[in-house]
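Shown next, in C-alpha cells, is the structure this report addresses.
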Amino acid sequence: MFKHFLDHVDSIIARDPAAGSRFEVALCYPGVHAVMMHRAAHLLSRYKLPVAARWVSQLARFLTGIEIHPTATIGERLFIDHGMGVVIGSTAVVGDDVTLYQGVTLGGTSLERGVKRHPTLGKNVIVGAGAHVLGPITVGDGARIGANAVVLHDVQQGATMVGIPAKASQDIGKIAPDFLAYGTPCSESSDPVACLLASLNEHVRALTERLKAVEAAQQPMVEDSRQNHNLPDAAE
C-alpha cells in the first residue's frame, strides 16, 4: 500500500510543475487527502456500512472541498489539482492517471435508483477547470475536456471537447499528449467555432483588399471621364 501511495505522489510531481518534494505533496495537496479518505469510505461501503462511509466522505469534503461519493470507483494515480468544488457522483467510474481540475462535476442526469447515472472516464483523461461531464456517458482514453465545457454525449478516444454543449475539436481521433494544462486545445484553431470565425474574418479581409484594389484601378478612368466631358469634380 505504501508503494502505491508513493507511486501516486510521484505521478502528481510529474504532472504538476509547482510540486516540490514528496513530503510537500503528501502533506499539502488536498487531492491526495481526498483520494486517500475515499479509499477508506469506499471500503466501508463495500462492507455494508453506508452511514460510516458517508460520514468519512463528508469529513473529506469538509477538509478538502472535494466531494467523492463512497460508491464511486476511482482508479490509480488520480490527480485532483487544487480541487475545490470537485464533485464525483455515486456511480461514476474514473480510470487510471486521470487529471481533474477545480470545479469539475461528474454528475448524473437521472433520478432513477439502481441504474448507472454518472459518467465513466477512461485512462489518461484530462478534465479542465469548471467542466461538467453529465450522465451515464463514456469518455475515451486520452480524451481532453476543455475548461467550462458541458459534456452530454460519449467522447471518442483522444478527442478534445470544448464549448457548451461540448463539441469535438479538429484534433478528434488524435492521441492527446501526456499532459496538457487545464485540458484546453493547443490553439484557437482547435475550436471549431473559433476556426469558423477566423475563416470568415479572413474572407472579409480578402474581399476588402480586392475592393480597394478595384477602386484604385477605376480612379484614373473616372478622372479621365470627367476631364473629357468637362464634368465638375465631386469635391466642388
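In this text, residue positions in the sequence shown follow the numbering used here: the first is 102, and each later residue adds one.
Yeah, the Cβ is synthetic: ideal placement off N, Cα and C, and Gly gets one too.
Notebook entry, point to check: What three-state label does DSSP hand residue 223 in the structure shown?
Noted result: Numbered from its first residue, the sequence shown carries residue 223 at position 122. Of the three classes helix, strand and coil, the one that applies to residue 223 here is coil, per DSSP.
Check: Is it true that the CB of residue 226 sits closer than 8 angstroms to the CB of residue 207?
Finding: In the sequence shown, the residue the question calls residue 207 occupies position 106. In the sequence shown, the residue the question calls residue 226 occupies position 125. No, these two residues do not count as a Cβ contact at 8 angstroms.
Notebook entry, point to check: Can you name the residues that DSSP bridges to residue 268?
Noted result: Residue 268 sits at position 167 when you count from the first residue of the sequence shown. According to DSSP, which records beta bridges pairwise, residue 268 is partnered with 263.
Note to self: If you follow the beta strand (DSSP E) that residue 235 is in, where does it begin and where does it stop?
What the structure shows: Here residue 235 corresponds to residue number 134 of the sequence shown, with the count starting at 1. From DSSP, the beta strand (DSSP E) with residue 235 extends over 233–235.
Next item on the list: State buried or exposed for residue 168, treating a residue as buried only when at least 16 other CB atoms are found within 10 Å of its CB.
Entry: Position 67 of the sequence shown, counted from the first residue, corresponds to residue 168. Buried.
Check: Where does residue 207 sit, in a helix, a strand or coil, going by DSSP?
Finding: Translated into positions along the sequence shown, residue 207 becomes position 106. In this structure, residue 207 counts as strand in the three-state DSSP scheme.
Item checked: Cutoff 7 angstroms; reference residue 191; Cβ partners in own chain excluding five residues on either side -> Residue numbering aside, residue 191 sits at position 90 when the sequence shown is read from its first letter. Once the five neighbours on either side are set aside, the close Cβ partners of residue 191 are 170, 172, 173 and 219.
Check: What are the residues that DSSP puts in a beta bridge with residue 188?
Finding: Here residue 188 is taken as the residue at index 87 of the sequence shown, counted from 1. Per DSSP, 168 and 206.
Margin query: When you compare the CB positions of residue 127 and residue 161, do they come within less than 8 angstroms of one another, or not?
Written below: To locate residue 127, count along the sequence shown from 1; it is residue 26. To locate residue 161, count along the sequence shown from 1; it is residue 60. Not closer than 8 angstroms, so no.
Next item on the list: Give the range of the alpha helix (DSSP H) segment to which residue 132 is assigned.
Entry: Taking the sequence shown and counting its residues from 1, the one referred to as residue 132 is at position 31. Residues 131–147.
Next item on the list: Could you tell me the boundaries of the alpha helix (DSSP H) in which residue 107 lies?
Entry: Taking the first residue of the sequence shown as position 1, residue 107 is located at position 6. Taken as a continuous stretch (DSSP letters only), the alpha helix (DSSP H) holding residue 107 covers 103–116.
Item checked: Proximity to residue 203 [Cα-Cα], best of 309, 130, 193 and 104 -> The residue given as residue 203 occupies position 102 in the sequence shown. Residue 130 is the option with its Cα nearest to residue 203.
Check: Is residue 270 buried or exposed, if buried means 16 or more other CB atoms sit within 10 Å of its CB?
Finding: For the purposes of this step, residue 270 is identified with residue 169 of the sequence shown, where counting begins at 1. So residue 270 ends up on the buried side.
Next item on the list: Determine which residues share a DSSP beta bridge with residue 245 and list them.
Entry: Counting from one through the sequence shown, the residue named residue 245 turns up at place 144. Looking at the DSSP assignment, residue 245 forms a beta bridge with 227 and 261.
Next item on the list: Closer than 8 angstroms by C-beta to residue 273: which residues in its own chain qualify, once you throw out the five before and the five after it? Chain order, please.
Entry: Translated into the one-based positions of the sequence shown, residue 273 becomes position 172. Residue placement at residue 273 cannot be trusted, given a pLDDT of 44 that sits under 50; what the coordinates show is reported in the next sentence. If we look at residue 273 and ignore the five residues flanking it on each side, its Cβ neighbours are 257, 259, 260 and 261.
Note to self: Is the beta carbon of residue 132 closer than 8 angstroms to that of residue 180?
What the structure shows: Start at 1 with the first residue of the sequence shown, and residue 180 comes out as number 79. Start at 1 with the first residue of the sequence shown, and residue 132 comes out as number 31. Going by C-beta atoms, residue 180 is nearer than 8 angstroms to residue 132.
Checklist line | Reduced DSSP secondary structure (H/G/I, E/B, other) of residue 298 | finding: Sequence index remark: in the sequence shown, residue 298 carries index 197 (1-based). Helix at residue 298.
Check: Between residue 176 and the rest of its own chain, which residues show a CB-CB distance below 6 angstroms, the 5 nearest in sequence each way excluded?
Finding: Taking the sequence shown and counting its residues from 1, one reaches residue 176 at position 75. These residues qualify, in order along the chain: 195, 196 and 197.
Item checked: Cβ separation of residue 244 and residue 263, assumed to be a contact under 8 angstroms, to the nearest whole Å -> For this step, residue 244 is matched to residue 143 along the sequence shown. For this step, residue 263 is matched to residue 162 along the sequence shown. The pair is not a contact, with the Cβ atoms about 12 angstroms apart (cut-off 8 angstroms).
Notebook entry, point to check: Below 8 angstroms between beta carbons: does that hold for residue 246 and residue 223?
Noted result: To locate residue 246, count along the sequence shown from 1; it is residue 145. To locate residue 223, count along the sequence shown from 1; it is residue 122. No, they are not a contact pair.
Margin query: For residue 326 and residue 306, what's the separation of their Cα atoms in angstroms?
Written below: Taking the sequence shown and counting its residues from 1, the one referred to as residue 326 is at position 225. Taking the sequence shown and counting its residues from 1, the one referred to as residue 306 is at position 205. Residue 326 and residue 306: Cα-Cα distance of roughly 30 angstroms.
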